[in-house]
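Worksheet for the structure shown next.
2 protein chains.
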Amino acid sequence: MTAETKLTLARLAELAGVSTSTASRALKDNPLIRKETRERIQALAIEHNFSINAAASRLRTQKTHVIAVILNLIDNTEQSTTDPFLLKLVGELNQALNAKGYELLLSNSFMASDDWANYFIRSQRADGILVIGQGKTTEKIDLAAKSGIPIVVWGDTKTKASYPIVGGNNFLGGYEATKYLLEQGAEQILFLGDSEHAEMRERLRGYQKAHAEFNIEPGVSHVGAIDITSKTAYQYMNQRIKANGLDFDGIVCVSDMVALGAIKALKERYVGIPSDVGIVGYDDIPLAELIHPSLTTIRQNTQQAAELMVDQLLCQFEGKPVNNQVVETSLIVRRSTK
Amino acid sequence: MTAETKLTLARLAELAGVSTSTASRALKDNPLIRKETRERIQALAIEHNFSINAAASRLRTQKTHVIAVILNLIDNTEQSTTDPFLLKLVGELNQALNAKGYELLLSNSFMASDDWANYFIRSQRADGILVIGQGKTTEKIDLAAKSGIPIVVWGDTKTKASYPIVGGNNFLGGYEATKYLLEQGAEQILFLGDSEHAEMRERLRGYQKAHAEFNIEPGVSHVGAIDITSKTAYQYMNQRIKANGLDFDGIVCVSDMVALGAIKALKERYVGIPSDVGIVGYDDIPLAELIHPSLTTIRQNTQQAAELMVDQLLCQFEGKPVNNQVVETSLIVRRSTK
DNA sequence: TAAAAAATTGCAAACGATTGCATTTTATTC
DNA sequence: GAATAAAATGCAATCGTTTGCAATTTTTTA
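Spelled out as structure tokens, the structure:
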């Protein structure tokens, strides 16, 4: 069916009876070429199922129109493949990138070699890097940024950095989650999450601020330093209740997944939600409204997040100034709180 | 800091005092080059942070070492960004591909132009295509396959096709889910899912087979033709109960997401699970064991799925014969059934 | 120690598109 | 109708690697 000689731009030009330069320009609708000629060549290209060789084009133009998206996981957590929020963000990034004419090369921090700048940019695999998550240390990110490549990170916008960071308002989120519980009468609120992680630390600060405003001192043991998975949350809660009994009446979780783990533990012990313990999650994953009781949570606008990240990256391509960007955050009240 | 002249292979060779050919071979550990020379050049490359220009390499070798993964969504459903199962599969594919030295270019059927063979392969953007989902029509897939490019599809393995299909044993899955409910005494079992979709149709066949074995005739209205999202499941169940009352005592769902939607509707009407109605889901997403009651479901081994898909693709590169592959499927019994 | 064999290295031609500049064609002006 | 300006097209170098083959160096053999 096809075959013969491989269809290159040169061959297409030959078929059209023009030079490769003309063909090249015609295909990208360059007004240098007469309109009729352009249209004729474009039609011919479609007819013959022609498409430009990306490798050659990239080599020549030094542009790939590919962006590497790196899921920067926290080591030894299987957050990645499990966390719906992150994956949702990847999906949104795909949309946002495509809308701007870019493609998405997916990687995660375990796979990609350690020297991102080198591996992705200098090697012309991609034009820029979007990192999802700061991890526990920003070492690799800093290394990459230092070599001056275009890069944007999803994470805690209050971190000092030489690259733009896009993130939710974690302080506000933590604050509102906590405040809402306090308003509903909770007095002993647990904070579930790893405060070594920058974003979570901000949320913890919000938690503390809310307590301060209500003149309540959080119990000393009220911060549960756990991984971000539902499993560890479940285990932690089980153990905690076993040891201390029900010495709390509210929980602020750093993710909906964590909240789900906690809820499971509580339910198994017949703790009433929200009657005995009110719970607030974070992220508003699709399941938040499906579980019973539906989950009060802090929503982060992922679509906006993706668009902002892409914007900030494109700014770097164009040499425009970049800034940290804060994504909308809102409290979604459902049934897991009174 | 860096700069000077851009570091190319030629420049590196110059620094090492050898020709580019030697440098090229040395970097890929070609035994043609003396061992000491190889090591010297490799060390130099590391020292100078050198990495091969992928565009040039791809142009020359006609290999990209990139695989396009296409989320082939069902139109006007937002299954994609929502369905944890599909996203999990993407994650696993990423691992499996990386393990074989390939990278993953993510696309979805809304984005990618319609002519996949053209856009991805002929243009040298990727070496092969992995399609996740058959959609409602296999039109685009068939078109791509017809032009003889390497392609593997996740879907219903009983579909006749010119390309290898990897999928779960949907017939068995549907059968086991149903049989289990019947064994527990259910007599009026609903099937929730779109039977126009090939995979779901197979599951429905399994559902029918189980009924036949138990000499039970499923009620005429017992197949709810709904989209694969939890939202439509929720709406459907709500409406159905309103109209018909509780004229069933079991539900077989085509996904855990659908099951969650159904459970939500039932709970809101204080229907007991599993006392009044037993429910079986499909996929075993992480949340299945976190909700209350935890969800009995059919697990599909996603890791195996990813590996098989990649295998079948590599076979095509090597000209080896390919075959449809069936992934392990198992019933996970939890608390949503008696 | 010279010839033959084996081990290393280098030359130069691809791979296929893009683009500054030169050239040709067409339109405009006096 | 010749001179000039404007529009359209083509030439040829370039992007950075890879690799068949030729050339060189080293080792082995007689």
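Chains as they are written, first to last, in this note's numbering: chain A, 837 to 1174; chain B, 837 to 1174.
We put the beta carbon where it would ideally sit given N, CA and C, even for glycine.
Predicted model, so just to flag it, every value in this text is computed and none were measured.
Coil, strand or helix - residue i by DSSP
{"i": "B/A904", "result": "strand"}
{"i": "A/F956", "result": "helix"}
{"i": "B/I888", "result": "coil"}
{"i": "A/S1172", "result": "coil"}
{"i": "B/I1052", "result": "coil"}
{"i": "B/A839", "result": "Note that B/A839 scores a pLDDT of 43, beneath 50, so its modelled location is shaky and nothing firm can be said."}
{"i": "B/A997", "result": "coil"}
{"i": "A/V1146", "result": "helix"}
{"i": "A/R870", "result": "coil"}
{"i": "B/R1076", "result": "helix"}
{"i": "A/G1010", "result": "helix"}
{"i": "A/K1067", "result": "helix"}
{"i": "B/E1154", "result": "coil"}
{"i": "A/A1022", "result": "coil"}
{"i": "B/E1032", "result": "coil"}
{"i": "A/H1047", "result": "helix"}
{"i": "B/V1107", "result": "coil"}
{"i": "B/T897", "result": "helix"}
Beta-bridge partners of residue i, as assigned by DSSP
{"i": "B/Y1118", "result": "B/I1134"}
{"i": "B/L1017", "result": "According to DSSP, which records beta bridges pairwise, B/L1017 is partnered with nothing at all."}
{"i": "B/L922", "result": "Its beta-bridge partners do not exist; DSSP assigns none."}
{"i": "A/S1166", "result": "A/R1135"}
{"i": "A/Q1161", "result": "A/V1002"}
{"i": "B/E939", "result": "B/V902"}
{"i": "B/F1027", "result": "B/V1059 and B/V1088"}
{"i": "A/G964", "result": "A/I903"}
{"i": "B/I987", "result": "B/I965"}
{"i": "B/N944", "result": "B/L907"}
When the options are compared against residue i, the one with the closest alpha-carbon
{"i": "A/E1032", "options": "A/L1017, A/D992 and A/K1015", "result": "A/D992"}
{"i": "A/V1107", "options": "A/M1073, A/I1134, A/I1127 and A/S893", "result": "A/M1073"}
{"i": "A/Q1105", "options": "A/I1087, A/V1088, A/M1093 and A/G1081", "result": "Correcting the residue type first, residue 1105 of chain A is Arg in the shown sequence and not Gln. Comparing Cα positions, the closest option is A/G1081."}
{"i": "A/G853", "options": "A/K842, A/T873 and A/K864", "result": "A/T873"}
{"i": "A/A980", "options": "A/K994, A/W990, A/K972 and A/S998", "result": "A/S998"}
{"i": "B/G984", "options": "B/I968, B/T1014, B/W952 and B/T974", "result": "B/W952"}
{"i": "A/Q1071", "options": "A/A1079, A/A1048 and A/G1097", "result": "A/G1097"}
{"i": "A/L895", "options": "A/N885, A/T844, A/S959 and A/L922", "result": "A/S959"}
{"i": "B/H1058", "options": "B/S1066, B/G1086, B/A1048 and B/N1051", "result": "B/G1086"}
{"i": "B/K1100", "options": "B/I1121, B/Y1011 and B/I1077", "result": "B/I1077"}
{"i": "A/P1178", "options": "A/P986, A/V926, A/M1093 and A/I1052", "result": "No answer is possible for residue 1178 of chain A: it lies beyond the span of chain A, which begins at 837 and ends at 1174."}
{"i": "A/S945", "options": "A/D978, A/N908 and A/I965", "result": "A/N908"}
{"i": "B/F1153", "options": "B/P1122, B/K1174 and B/Y938", "result": "B/Y938"}
{"i": "A/I968", "options": "A/P1054, A/A1141 and A/I882", "result": "A/A1141"}
{"i": "A/R1171", "options": "A/E1143, A/N954 and A/S1130", "result": "A/S1130"}
{"i": "A/A881", "options": "A/D963, A/L845, A/E1012 and A/I1121", "result": "A/L845"}
{"i": "A/F1084", "options": "A/K1067, A/L1102 and A/T1068", "result": "A/L1102"}
{"i": "B/R834", "options": "B/I888, B/D865 and B/P867", "result": "Residue 834 of chain B cannot be examined here, being either before or after the span of chain B that is shown, 837 to 1174."}
{"i": "B/V1002", "options": "B/S860, B/H884, B/A879 and B/L925", "result": "B/L925"}
{"i": "A/I1134", "options": "A/I877, A/N1006 and A/G1155", "result": "A/N1006"}
{"i": "B/L1017", "options": "B/T995, B/K996 and B/Q1044", "result": "B/Q1044"}
{"i": "A/A904", "options": "A/P1054, A/L1040 and A/L966", "result": "A/L966"}
{"i": "A/N1051", "options": "A/D1030, A/T1068 and A/A1022", "result": "A/A1022"}
{"i": "B/A935", "options": "B/E1143, B/G964 and B/S1166", "result": "B/E1143"}
{"i": "A/I906", "options": "A/A1069, A/T856, A/W990 and A/N866", "result": "A/W990"}
Rounded distance between the beta-carbons of residue j and residue i, thought under 8 Å
{"i": "B/Q970", "j": "B/A1034", "result": "6 Å"}
{"i": "B/I1109", "j": "B/T1132", "result": "In fact, because the Cβ distance is near 10 Å, the residues do not count as touching under 8 Å."}
{"i": "A/Q1020", "j": "A/G1114", "result": "6 Å"}
{"i": "B/L941", "j": "B/V988", "result": "Contact flag wrong, Cβ pair sits at about 15 Å."}
{"i": "B/A890", "j": "A/R961", "result": "5 Å"}
{"i": "A/L851", "j": "A/V1146", "result": "Not a contact, Cβ separation roughly 38 Å."}
{"i": "B/V1116", "j": "B/C1089", "result": "7 Å"}
{"i": "B/Q1139", "j": "B/P1000", "result": "At roughly 18 Å, the Cβ-Cβ gap does not stay under 8 Å, so B/Q1139 and B/P1000 are not in contact."}
{"i": "B/D1063", "j": "B/D1092", "result": "Going by Cβ atoms, the distance from B/D1063 to B/D1092 rounds to 15 Å, so no, they are not a contact pair."}
{"i": "B/A1046", "j": "B/Y1011", "result": "5 Å"}
{"i": "B/S1066", "j": "A/P920", "result": "The pair is not a contact, with the Cβ atoms about 12 Å apart (cut-off 8 Å)."}
{"i": "B/T1014", "j": "B/G1060", "result": "Their Cβ separation, rounded to whole angstroms, is 14 Å, which puts B/T1014 and B/G1060 out of contact at 8 Å."}
{"i": "A/R1037", "j": "A/G1009", "result": "Between A/G1009 and A/R1037 the Cβ distance is about 12 Å, and since that is not below 8 Å, they are no contact."}
Could you pull out every unbroken alpha helix (DSSP H) segment of at least 4 residues lying fully inside the region 843-868 of chain A, listed in chain order? Within the region 843-868 of chain A, the complete alpha helix (DSSP H) runs of at least 4 residues are 845-852 and 856-863.
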